[in-house]
Structure formats: C-alpha cells, structure tokens
Amino acid sequence: MRRRIVLAMTGLAFLTGGGSAQTARHARATGRAAPEGPPHAVLLELFTSEGCSSCPPADYLLHVLNNKRTGAGDLIVGISEHVTYWNRLGWRDPFSSDVVTARQRGYGERFRQDEIYTPQMVVNGEAQVLGSDESAVSSALAQAHHASGIALHIASAQRDAEGLAVTFSLSAAVAGAEPVDVFAVVAEDVAVTRVLRGENAGHTLVHVTVATTFSQVATLKETAATTVHIALAKPPDGDGKRHLIVFAQVRGLGPVVAIDTMAL
Numbered sequence: 065m066r067r068r069i070v071l072a073m074t075g076l077a078f079l080t081g082g083g084s085a086q087t088a089r090h091a092r093a094t095g096r097a098a099p100e101g102p103p104h105a106v107l108l109e110l111f112t113s114e115g116c117s118s119c120p121p122a123d124y125l126l127h128v129l130n131n132k133r134t135g136a137g138d139l140i141v142g143i144s145e146h147v148t149y150w151n152r153l154g155w156r157d158p159f160s161s162d163v164v165t166a167r168q169r170g171y172g173e174r175f176r177q178d179e180i181y182t183p184q185m186v187v188n189g190e191a192q193v194l195g196s197d198e199s200a201v202s203s204a205l206a207q208a209h210h211a212s213g214i215a216l217h218i219a220s221a222q223r224d225a226e227g228l229a230v231t232f233s234l235s236a237a238v239a240g241a242e243p244v245d246v247f248a249v250v251a252e253d254v255a256v257t258r259v260l261r262g263e264n265a266g267h268t269l270v271h272v273t274v275a276t277t278f279s280q281v282a283t284l285k286e287t288a289a290t291t292v293h294i295a296l297a298k299p300p301d302g303d304g305k306r307h308l309i310v311f312a313q314v315r316g317l318g319p320v321v322a323i324d325t326m327a328l
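Right, here's the structure in full:
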C-alpha cells in the first residue's frame with residue numbers, strides 16, 4: 065500500500081533552525097582550525113529503500129531534520145543508508161549497499177529485534193524508532209546524550225590516487241577511555257531517482273545525504289592526528305555535491321560519542 069508523501073511536521077517544534085554556523089565552519093577547505101570547544105551533534109541514521117512504499121515519508125522527514133538543531137542546540141547530522149534486501153522485489157535500489165545492510169543487522173542484534181525493517185531510524189546509536197513516526201523520532205532526538213567529553217575534528221580531506229585522504233583527530237578527553245570505532249561516510253547531498261518498478265513504480269524519489277561510501281576506518285583511543293584513505297564511489301544520480309561525515313562510536317555499535325562533517 066502506497067503512502068502519500070505528505071507530513072504535517074506538527075511534532076517537530078523542538079527544532080531551532082538550520083546549522084548555518086556549522087556550515088560556515090565546515091567550509092570547503094583542505095585544512096581547518098580546530099573548533100573552540102567540543103561540537104554537540106546527534107547522528108540520525110535512516111535505513112531505507114527505494115523498493116519500500118513506506119519509506120518516502122521517512123526520507124522526507126530526514127530531509128526536514130538534517131542540518132537543523134534540536135532545542136538543546138545539538139546539530140542533527142543525518143545519513144540515508146539504503147539496504148539491499150528490497151532489491152529482490154522488483155526494483156534494485158541504485159544506492160543500496162551490503163555494508164549498511166550488515167550495519168542494520170548489527171543494530172538489530174544489539175537492540176534485540178526479531179527482525180530488521182524499513183524505514184528505521186537509529187538515533188545516535190542509542191535508540192531505534194520507526195523512521196516515519198515524527199513523535200517517536202522527536203522524542204529520541206530530545207533524549208540523545210552528548211556529554212561524552214570526546215571531540216572529533218576533521219583537519220583535512222584531500223583527493224589523491226586512492227580516493228580521499230582524510231586526516232582527523234580525537235580530543236584529549238578520550239585518553240584513558242576505552243577505544244572507539246571511527247567511521248567515515250561520503251554522502252551525496254541530494255539524489256533523485258525515477259523508480260520504474262516495484263512498490264514505488266512511477267514515483268520520483270528525492271533523497272538527502274545518501275551514503276555512497278561507508279566504512280570503519282580506525283579503532284582508536286590515541287589523540288594524535290590520524291590519516292586514512294577512503295575510496296570514492298561514483299553516485300548513480302546526484303547533484304555532484306557531497307559531504308564527508310566522520311564519527312566515533314562505542315565499540316559494538318554503541319552510542320555515538322563525537323561527530324564532525326565537512327563539505328567536499
């Protein structure tokens with residue numbers, strides 16, 4: 065059963081507007097000064113598929129929330145993560161990835177779910193809710209924790225023969241703590257697909273912050289600068305604008321403790 069892509073957004077009054085300061089601070093550059101203090105941000109992961117007729121409302125909700133701030137002032141960093149298990153039902157999602165399907169299965173085990181599903185939102189690695197449920201997403205965002213004391217800073221991102229060389233560092237506050245897993249995501253800012261088959265046949269779907277590269281790049285507790293190399297996938301269809309998102313997460317797909325982003 066198809067749902068119309070219409071949302072009232074009445075439950076999202078806690079938002080305080082866009083992240084213009086964050087956008088300015090993360091201007092396109094090969095080197096950046098460290099921020100004055102630990103940036104407070106919340107990671108919003110949407111597990112979705114173009115083959116799922118219940119997903120477009122959640123895709124739109126991610127569009128509304130991404131790069132906004134909560135009432136507490138936390139920047140909302142969204143990632144659209146397209147899974148593969150809908151592909152066998154008539155439409156192969158061009159953004160689908162085995163990596164994010166495995167990531168969702170890992171969350172399913174952690175949250176002790178009987179099965180994984182779309183659309184699902186995971187908020188800061190701490191809670192999972194139905195991705196089209198405005199009230200549940202709002203509540204999870206309001207309850208997200210950001211008091212880890214750990215900060216992550218992307219110093220530079222430069223293209224090289226292997227793709228993208230990214231240098232980042234963790235704050236001194238991580239010293240003595242358990243190691244954290246560091247993930248790097250290259251996301252297409254906007255992508256549009258005309259779906260020809262499956263449950264969304266005949267619809268043009270618009271996505272934001274679509275993960276085209278998603279990888280674990282380090283497990284760290286050191287504070288020294290770290291440089292990693294990331295392959296850059298060619299997106300099927302997008303506007304050409306991308307963002308790099310790097311975040312640190314407690315091992316075992318636990319809470320997300322630090323995030324930084326920059327335009328590419």
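Residues are numbered in our numbering as their position in the sequence shown, beginning at 1, plus a constant of 64. Using N, Cα and C, we set each Cβ at its ideal position, and we do this for glycine too.
Checklist line | CB contact flag (residue 161, residue 264, <8 Å) | finding: no
Checklist line | Own chain, CB closer than 6 Å to residue 247, minus 5 neighbours either side, in chain order | finding: 280, 311
Margin query: Quick check: what's the CA-CA separation for residue 193 versus residue 290?
Written below: 34 Å
Notebook entry, point to check: For residue 328, which residues of its own chain have a beta-carbon under 6 Å away from its beta-carbon, when the five flanking residues on both sides are left out?
Noted result: 306, 308
Next item on the list: Report all residues from its chain with a CB closer than 6 Å to the CB of residue 320; omit the five preceding and five following residues, and keep chain order.
Entry: 107, 188, 189, 311, 313
Notebook entry, point to check: At which residues does the beta strand (DSSP E) containing residue 324 begin and terminate?
Noted result: 320 to 327
Note to self: Using only the alpha-carbon positions, how far apart do residue 231 and residue 282 sit?
What the structure shows: 12 Å
Next item on the list: Quick one: using the 10 Å Cβ neighbour count with 16 as the cut-off for buried, is residue 260 buried or exposed?
Entry: exposed
Checklist line | beta strand (DSSP E) segment containing residue 306, residue limits | finding: 306 to 314
Next item on the list: Please classify residue 178: does DSSP put it in a helix, a strand, or coil?
Entry: coil
Item checked: Close beta carbons around residue 325, own chain, < 7 Å, minus the five adjacent residues each side -> 90, 141, 307, 308, 309
Item checked: Whole-angstrom distance between residue 153 and residue 86, CA atom to CA atom -> At residue 86 the pLDDT is 39, less than 50, meaning the model places this residue with poor confidence; the figure from the coordinates comes in the next sentence. Their Cα atoms are separated by approximately 40 Å.
Notebook entry, point to check: Could you give the residue range of the alpha helix (DSSP H) that holds residue 245?
Noted result: Residue 245 -> not in any alpha helix (DSSP H); beta strand (DSSP E) instead, spanning 244 to 258.
Checklist line | Buried versus exposed, by CB contacts within 10 Å (16 or more), residue 213 | finding: exposed
Checklist line | Option in 273, 258, 115 with minimal Cα separation from residue 147 | finding: 115
Note to self: Contact defined as beta carbons within less than 8 Å: I believe residue 233 pairs with residue 288. What is the distance between those atoms, to the nearest angstrom?
What the structure shows: 7 Å
Checklist line | For residue 184, the residue or residues it bridges with in DSSP | finding: 111, 194
Next item on the list: Answer yes or no: do residue 182 and residue 112 have a C-beta to C-beta separation smaller than 8 Å?
Entry: yes
Margin query: Given this structure, state the Cα-to-Cα distance separating residue 105 from residue 138, to the nearest angstrom.
Written below: 5 Å
Notebook entry, point to check: Using a Cβ-Cβ cut-off of 6 Å (strictly less than) and excluding sequence neighbours within five positions of residue 159, which residues of its own chain qualify?
Noted result: 146, 274
Notebook entry, point to check: For residue 251, which option in 298, 315, 170 has the closest C-alpha, if you only look at C-alpha atoms?
Noted result: 298
Margin query: Does residue 209 pass the burial test, meaning 16 or more other C-beta atoms within 10 Å, or should it be called exposed?
Written below: exposed
Item checked: Rounded separation between residue 215 and residue 256 - CA only -> 34 Å
Checklist line | Straight-line gap, residue 262 to residue 155 (C-alpha atoms, nearest Å) | finding: 5 Å
Check: What's the gap between the Cα of residue 150 and the Cα of residue 317?
Finding: 23 Å
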